[in-house]
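Participant: FYI, my numbering numbers position 209 of the sequence shown as 220, with every residue one higher than the one before it.
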Amino acid sequence: MNPNHSKLNLSKRARGMAAYFNPKSESAEQFHMLHEAIELIDNKNEFSSLLITSATKGEGVSTTSANFAIVSAQTGKKVLLVDADFRMPGVHDIFNIELRNGFSDFLNNRCSLKQATIFSGITNLDLVISGHELVDHPSQLLHSSRMEQFLEEMKKAYDLIIFDTPSLLPYSDGQIIAQHVDGAVLVVRNRKTARQEALKARERLLATNAKVLGVVYNYQMRNMKKLYK
12 MNPNHSKLNL SKRARGMAAY FNPKSESAEQ FHMLHEAIEL IDNKNEFSSL LITSATKGEG
72 VSTTSANFAI VSAQTGKKVL LVDADFRMPG VHDIFNIELR NGFSDFLNNR CSLKQATIFS
132 GITNLDLVIS GHELVDHPSQ LLHSSRMEQF LEEMKKAYDL IIFDTPSLLP YSDGQIIAQH
192 VDGAVLVVRN RKTARQEALK ARERLLATNA KVLGVVYNYQ MRNMKKLYK
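1) Are the C-beta atoms of D96 and some chain B residue less than 8 Å apart?
2) Nearest-angstrom Cα distance between S106 and E37?
3) Report back the beta-carbon spacing between T128 and A84 to the nearest angstrom; my notes put them in contact at under 8 Å.
4) Run the CB neighbour count on D186, radius 10 Å, all protein chains shown included, and call it buried at 16 or more, exposed below.
5) As a quick exercise: from A218, K125, T64, pick the residue whose alpha carbon is nearest that of D137.
6) In the DSSP assignment, what are the bridge partners of V139?
7) Skipping 5 residues on each side, what residues in its chain have a beta carbon closer than 6 Å to that of A25?
8) By Cβ distance below 7 Å, which residues in the same chain neighbour L62 in space, the five residues on each side in sequence not counted?
9) Are S65 and V198 touching if we call contact CB-CB under 8 Å?
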């Protein structure tokens with residue numbers, strides 16, 4: 012894939028990209044730990060796609076997705092970060108990009124894969140932002156043949172595809188995408204996510220036969236069993 016190479020001003024988003032701007036910080040180290048934890052689980056190198064999601068809104072999914080994508084790209088992998096949250100997209104804001112052709116536009120057959128893909132400004136990391144095409148029924152698009160085409164073509168071009176998805180309890184989008192990826196990570200924000208909400212979100216992922224890799228709790232990788240204690 013040869014993405015568009017627009018000039019991006021990453022410096023304005025330093026606070027949301029610790030892994031890039033402050034690589035030796037404690038926050039950045041937590042994302043490296045998350046990457047290493049997933050690498051240990053994926054000892055056969057079978058994961059080429061995963062989604063990052065949450066139970067409810069505002070738990071830091073986009074920040075987690077962006078930083079995880081950055082540390083993955085820093086290992087030499089060719090990484091694609093896809094903003095699949097059509098209602099409250101956040102990736103374009105973190106990377107300081109104006110809304111433009113993206114995921115929704117491709118799924119609606121309004122642009123090509125090349126037109127939907129943009130270079131992040133960081134080596135080995137490309138982006139597909141949510142797009143400026145209004146989506147009334149995302150589930151229909153995610154079930155479409157265009158979604159299958161997207162996955163098929165992007166898996167040929169990238170070592171790892173990361174989907175930033177909407178929260179699981181209000182919307183079904185994450186469950187649909189979970190059926191197409193190799194693993195899922197659940198983000199839980201300290202003092203915000205109720206235990207029962209986290210458990211219910213986990214159940215929804217498992218209902219799709221998704222491989223739940225674990226929980227990012229306050230940006231630390233934890234075993235799902237911790238939720239039961």
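Don't be surprised by glycine CBs; every beta carbon is placed ideally from N, CA and C.
Facilitator: Taking the coordinates as given:
1) Judged by its chain identifiers, the structure shown contains no chain B, having just a single protein chain.
2) Checking the displayed sequence, the identity of residue 106 turns out to be Phe instead of Ser. Each residue's alpha carbon lies about 21 Å from the other.
3) At roughly 14 Å, the Cβ-Cβ gap does not stay under 8 Å, so T128 and A84 are not in contact.
4) For the record, residue 186 in the displayed sequence is Gln; it is not Asp. By the neighbour-count rule (16 or more Cβ atoms within 10 Å), Q186 is buried.
5) K125
6) DSSP output for V139 lists V93 as bridge partner(s).
7) With a pLDDT of 48 at A25, under the threshold of 50, the predicted position of this residue should be treated as unreliable, though the coordinate-derived value follows. The residues are F32.
8) F174, T176, G185, I188, A189, V192, A195
9) yes
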